[in-house]
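Student: Keeping their order, the protein sequence lines are chains A and B. Its first residue numbered 1, the first sequence is counted upward by one per residue in our numbering. Its first residue numbered 1001, the second sequence is counted upward by one per residue in our numbering.
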Amino acid sequence: MTSRKSVLVLGGSSDIGRAAARAFAKAGYDVALAGRDVAALEPDAADLRARYNVEVGLHKFDVLDTAAFESFVGALPALPEIVISIVGLLGVQQDAESDLVHATAIMRSNYEGPALILGLFAEKFLARGSGTIVGVSSVAGDRGRASNYVYGSAKAGFSAFLSGLRARASRGGVHVVTVKPGFVRTRMTEGMKLIGPLTVEAPVVGDAILRAVENKTDVIYVSGKWRLVMLIIKTLPEAVFKKLKF
Amino acid sequence: MTLVSGWGRFPVVDSDVLRPRSFAAVGEAVSAGTIARGNGRAYGDAAIGAARTVTMTGFDRVRSFDPATGRIRLEAGVLLSDLIDTFGPRGFLPFVVPGTRFVSIGGAIAADVHGKNHHCEGGFGRYVDSLLLRTGQGEVIEASRDENSDAFFATVGGMGLTGIILEATMRLRRVETGWIRERVISASDLDAAMRALEAGDAATYSVAWIDCVARGRDLGRSLIYLGEHADRGELAEGADAFPVGKDSRLSVPVDLPSIALNRISVRAFNELYYRMGARRAGGSHVVSLYPYFFPLDSVGDWNRIYGKRGFLQHQCVIPQAGARAVLGEILDRVARRGDASFLAVLKKLGQGNGILSFPLPGYTLALDFPVKGDILNFLDEIDRLVVAAGGRLYLAKDARQSRATFEAGYPALQRFNAIRKSLDPAGNIRSKLSQRLFDEV
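1) Measure the Cβ-Cβ separation of alanine 1143 of chain B and serine 1130 of chain B and say whether it is below 8 Å.
2) In three-state terms, what does DSSP make of serine 6 of chain A?
3) Pull up the distance between the alpha-carbon of valine 7 of chain A and that of proline 80 of chain A, whole angstroms please.
4) Return yes when the Cβ of alanine 1412 of chain B is within less than 8 Å of the Cβ of leucine 1360 of chain B, no when it is not.
5) Can you pull the DSSP bridge partners for lysine 180 of chain A?
6) Whether or not the stretch 166-185 of chain A and the stretch 213-222 of chain A are in contact is what I'm after, with contact meaning three or more pairs of Cβ atoms, one per stretch, closer than 8 Å; do they touch?
7) State the DSSP-derived secondary structure class of glutamine 1435 of chain B, mapped to helix, strand or coil.
8) Mind the definition here: the stretch 1302-1313 of chain B touches the stretch 1368-1377 of chain B only if three or more C-beta pairs lie below 8 Å; say whether that holds.
9) Taking DSSP as the reference, what is the three-state secondary structure of glycine 1178 of chain B?
10) Look up histidine 283 of chain A in the DSSP assignment and say whether it is helix, strand or coil.
11) Can you tell me where the beta strand (DSSP E) holding isoleucine 1035 of chain B begins and where it ends?
12) Can you name, in chain order, every residue of its own chain whose Cβ lies under 8 Å from the Cβ of arginine 1232 of chain B, other than the five neighbours on each side?
13) Rounded to the nearest angstrom, what separates serine 1265 of chain B and aspartate 1339 of chain B at their Cα positions?
14) Kindly list the residues whose CB is nearer than 6 Å to the CB of lysine 1449 of chain B, restricted to its own chain and excluding five residues on each side of it in sequence; keep chain order.
15) Under 8 Å between C-beta atoms, does glutamate 214 of chain A make it to chain D?
16) Does glutamine 1351 of chain B pass the burial test, meaning 16 or more other C-beta atoms within 10 Å, or should it be called exposed?
17) Please state if the CB of histidine 59 of chain A and the CB of alanine 40 of chain A are separated by a distance shorter than 8 Å.
18) Might you give, ordered along the chain, the residues of its own chain that have their beta carbon closer than 6 Å to the beta carbon of asparagine 1270 of chain B, omitting 5 neighbours on each side?
19) So is arginine 128 of chain A in contact with chain B if we call contact Cβ pairs under 8 Å?
20) Taking the alpha-carbon positions, what's the tyrosine 52 of chain A to alanine 1426 of chain B distance?
21) Using Cβ-Cβ distances below 8 Å, what residues of the stretch 32-47 of chain A are close to chain B?
22) In chain order, what residues of the stretch 1051-1066 of chain B put their CB closer than 7 Å to some CB of chain A?
23) Would glutamate 190 of chain A count as contacting chain B if we go by Cβ distances under 8 Å?
24) Is there a Cβ from chain A that is less than 8 Å from the Cβ of arginine 1403 of chain B?
25) Alpha carbon to alpha carbon, how far is glycine 1058 of chain B from glycine 1077 of chain B? Give it in angstroms, no decimals.
26) Beta carbons nearer than 7 Å to chain A: which residues of the stretch 1086-1100 of chain B have them?
27) Would you kindly work out how many angstroms separate the C-alpha atoms of isoleucine 1448 of chain B and glycine 1163 of chain B, rounded to a whole number?
28) List, in chain order, every chain A residue whose beta-carbon is nearer than 7 Å to that of arginine 1021 of chain B.
29) Let me see if you follow: with CB-CB separation under 8 Å, is arginine 51 of chain A close to chain B or not?
30) Exposed or buried, which one is proline 114 of chain A when buried takes at least 16 other CB atoms within 10 Å?
31) Which of the three DSSP states is assigned to aspartate 207 of chain A in this structure?
32) Using the beta-carbon count (16 or more within 10 Å), is proline 197 of chain A buried or exposed?
33) By Cβ distance, which residues of its chain are closer than 6 Å to glycine 17 of chain A, with the 5 residues on each side in sequence left out?
34) With C-beta atoms as the reference, is arginine 145 of chain A less than 8 Å away from lysine 234 of chain A?
35) Tell me, please, whether the stretch 1323-1334 of chain B touches the stretch 1120-1139 of chain B by the rule of three or more beta-carbon pairs shorter than 8 Å.
36) Taking the alpha helix (DSSP H) that serine 1149 of chain B belongs to, which residues open and close that run?
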């Protein structure tokens, strides 16, 4: 058992996952990266070791394989201090409207899987009496929009799960952080029209997650502008909202 | 197609822009008229593909690092700023840094960038041991001084035209601190400036900022900045051995109207800058590496100062022997014209590394001009002076020189093209710059 601080990143090969891993490794944390393709994570592990001289472990994890969750947690060499879930699937709204398989994949990847795995870690952390859980949700979960409500509703469910978990776990010494990144220039958003002033680069999100963990913040919008934007969007009356095209 | 330009924002041209996510995808992205692009800090058209531009900044992993030797292997898209911020606090810095830290490793190799230490320590390529290159023909080769050495020396300074640099192994310099002991010397005219740079030959770092609107007796008046790496004992009590590199707090939010840069504003700025510098002259003091090496990085998007139409940088190198006369003539013409911008940079260079590397022993002068009026004709006239003196222009800054100027300045071009042909017989790798200056028409 190591006495150093440790973080587990679920979805370690995503751009935000890599950025979060770098931010924590830079701050001296040992890192475990989990993803579907462990071989693909090797270059990122080498990068973290070379840059920051920290221990990096790799683990196979598939967010849709919920049956394997308990053995995944049980097989970890040590329970981390912090677990971050960055997994998710944007999908294609138009396809999801008629393709049940695609819609299911979006719902399970953004809600069922992340909620179940973080729930499992929460029990372990509560038994230990310490730990931090970070869920990367989305501003899209703040209100369902015509253009992406399948994804948005799953993120809404995930945000509600994190909020409830936070209320319960805080009494047991476990902190829960909800991250709403807004637009981030990543592989997921490549080719999408992003609004420049509302868009950040992945490293900004990585640093924001580290800060939120260290400052024990509950909910973060990575760019402060999003808090205002979403406040306006959330308060629009439904009669007006349904007429808006976005 | 996407509109693309370099840092000078001139020219703006169409190119298909791709951002591959794997080296295999980089290979697949290469088709007729492709060039790699790093962080887009080349001023002109060097990093714009004739038809397709492949952005490499996503490849930003460090592959390995040996703290015993300072040897590092990295992907080509790692930025120098990232390298400095990550390894500086561990006691290592790049041997060579240009005037901005926002360039990629691949770009720094392709342009064989020089720093304020070129006169004594050489260029960026000197500290590169080997390269992983994806040639235009489709091979992935490792090139070093011993293995595929032709490809190695053509790639260092080769402006990306030998293929796409994927990875590099280079050496970092061990430093005790991230601080520089700086000495400022004020020079009242060009002769004094050149004397001060000659006398500064023994200094690790040296560079002169010239007031290029000063005329007559003041022609060439300058501030010369000499620098050495400071050791721990020179730092103030309690100071961190490595300073924090802050993001620029100042940033130019919009394109300034062209009226903002005029004779009066530039003259006033330069007068103030010179006087403030002259007041500090004489003694030495310790400054953070960031303002010392990267003074312009403290103003974000400073290229917007020149307005929408962009600007041109003219950077030439003049061989030592004829340098005084030609530099005097160039500065005089620029001062009479009166629209060169703010401060110009003068520094001594040594021998270059690569076949097409810019540096040669002598003086390099860099001047910025807004794109307007008859500037292109004016710079052609300056080029004639440069060519007559046996000098050349820096390709990483160029957007407009003629084929004749280029061919006169780079006599090793034929050898370079022969190597290029052997690596890329079909001629897949082409940039707007190579089309303009030396591809067969």
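Every residue gets a Cβ at the ideal spot worked out from N, C-alpha and C, and that includes glycine.
Tutor: Once the coordinates are examined:
1) For the purposes of this step, residue 1143 of chain B is identified with residue 143 of the second sequence, where counting begins at 1. For the purposes of this step, residue 1130 of chain B is identified with residue 130 of the second sequence, where counting begins at 1. In this structure, alanine 1143 of chain B places its C-beta atom within 8 Å of the C-beta atom of serine 1130 of chain B.
2) Reading the first sequence from its first residue, position 6 is the one you call residue 6 of chain A. The answer is strand: DSSP assigns serine 6 of chain A an E or B state.
3) Walking along the first sequence from the start, residue 7 of chain A turns up at place 7. Walking along the first sequence from the start, residue 80 of chain A turns up at place 80. Spanning the two alpha carbons is a distance of roughly 6 Å.
4) Numbered from its first residue, the second sequence carries residue 1360 of chain B at position 360. Numbered from its first residue, the second sequence carries residue 1412 of chain B at position 412. Contact flag unset, no.
5) The residue labelled residue 180 of chain A in the question sits at position 180 within the first sequence. Answer is A:Tyr221, bridged to lysine 180 of chain A.
6) Three or more beta-carbon pairs drawn from the stretch 213-222 of chain A and the stretch 166-185 of chain A are found closer than 8 Å, and the two stretches are therefore classed as touching.
7) For the purposes of this step, residue 1435 of chain B is identified with residue 435 of the second sequence, where counting begins at 1. Glutamine 1435 of chain B: helix per DSSP, three-state reduction.
8) yes
9) For the purposes of this step, residue 1178 of chain B is taken as the residue at position 178 of the second sequence. Correct three-state label for glycine 1178 of chain B: coil.
10) Summary: the structure shown does not reach residue 283 of chain A, with chain A confined to residues 1 through 246, and so no result is reported for it.
11) For this step, residue 1035 of chain B is matched to residue 35 along the second sequence. Taken as a continuous stretch (DSSP letters only), the beta strand (DSSP E) holding isoleucine 1035 of chain B covers 1034-1037.
12) If you number the second sequence from 1, residue 1232 of chain B lands on position 232. Same-chain partners within the cutoff: Glu1176, Thr1177, Ala1241.
13) On the second sequence, position 265 is the one that residue 1265 of chain B refers to. On the second sequence, position 339 is the one that residue 1339 of chain B refers to. Going from the Cα of serine 1265 of chain B to the Cα of aspartate 1339 of chain B covers about 10 Å.
14) Given a span of 1001 to 1441 for chain B in the structure shown, any question on residue 1449 of chain B remains unanswerable.
15) You won't find chain D in this structure, because its protein chains are A and B.
16) Here residue 1351 of chain B refers to the residue found at position 351 of the second sequence. Flag for glutamine 1351 of chain B reads exposed.
17) Working through the first sequence from its first residue, we reach residue 40 of chain A at position 40. Working through the first sequence from its first residue, we reach residue 59 of chain A at position 59. It is not a contact, given that the beta carbons lie outside the stated cut-off.
18) Reading the second sequence from its first residue, position 270 is the one you call residue 1270 of chain B. Excluding sequence neighbours, asparagine 1270 of chain B sits near Asp1211, Val1213.
19) Taking the first sequence and counting its residues from 1, one reaches residue 128 of chain A at position 128. By this cut-off, arginine 128 of chain A is not an interface position.
20) Your numbering for residue 52 of chain A matches position 52 in the first sequence. Your numbering for residue 1426 of chain B matches position 426 in the second sequence. Approximately 43 Å, taken between the alpha carbons.
21) The residues in question are Pro43, Asp44, Ala46, Asp47.
22) Residues of the stretch 1051-1066 of chain B with a C-beta less than 7 Å from any C-beta of chain A: Arg1061, Val1062, Arg1063, Ser1064, Phe1065, listed in chain order.
23) Within the first sequence, residue 190 of chain A is the residue found at index 190, counting from 1. Interface residue, yes.
24) The residue you call residue 1403 of chain B lines up with position 403 of the second sequence. In terms of beta-carbon proximity, arginine 1403 of chain B stays away from the interface with chain A, with every pair separated by 8 Å or more.
25) What you label residue 1077 of chain B is simply residue 77 of the second sequence in a count that begins at 1. What you label residue 1058 of chain B is simply residue 58 of the second sequence in a count that begins at 1. C-alpha separation (whole angstroms): 6 Å.
26) Within the stretch 1086-1100 of chain B, the residues whose Cβ lies closer than 7 Å to some Cβ of chain A are Thr1086, listed in chain order.
27) The shown model of chain B, from 1001 to 1441, leaves out residue 1448 of chain B, and the question about it has no answer.
28) For the purposes of this step, residue 1021 of chain B is identified with residue 21 of the second sequence, where counting begins at 1. Result: Arg187.
29) Taking the first sequence and counting its residues from 1, the one referred to as residue 51 of chain A is at position 51. By this cut-off, arginine 51 of chain A is an interface position.
30) Taking the first residue of the first sequence as position 1, residue 114 of chain A is located at position 114. Answer is buried; the Cβ neighbour count reaches 16.
31) Residue mapping note: residue 207 of chain A aligns to position 207 of the first sequence, counting from 1. Aspartate 207 of chain A: helix per DSSP, three-state reduction.
32) The residue you call residue 197 of chain A lines up with position 197 of the first sequence. Counting Cβ neighbours within 10 Å, proline 197 of chain A comes out exposed, since fewer than 16 surround it.
33) In the first sequence, counting from the first residue as 1, residue 17 of chain A sits at position 17. Taken in chain order, the residues that qualify are Val9, Gly11, Ile86.
34) The sequence position of residue 145 of chain A within the first sequence is 145, counting from 1. The sequence position of residue 234 of chain A within the first sequence is 234, counting from 1. Going by C-beta atoms, arginine 145 of chain A is not nearer than 8 Å to lysine 234 of chain A.
35) The stretch 1323-1334 of chain B, when compared against the stretch 1120-1139 of chain B, does not touch it at the 8 Å Cβ threshold.
36) By one-based count along the second sequence, residue 1149 of chain B stands at place 149. In the DSSP assignment, serine 1149 of chain B falls within the unbroken alpha helix (DSSP H) covering 1149-1155.
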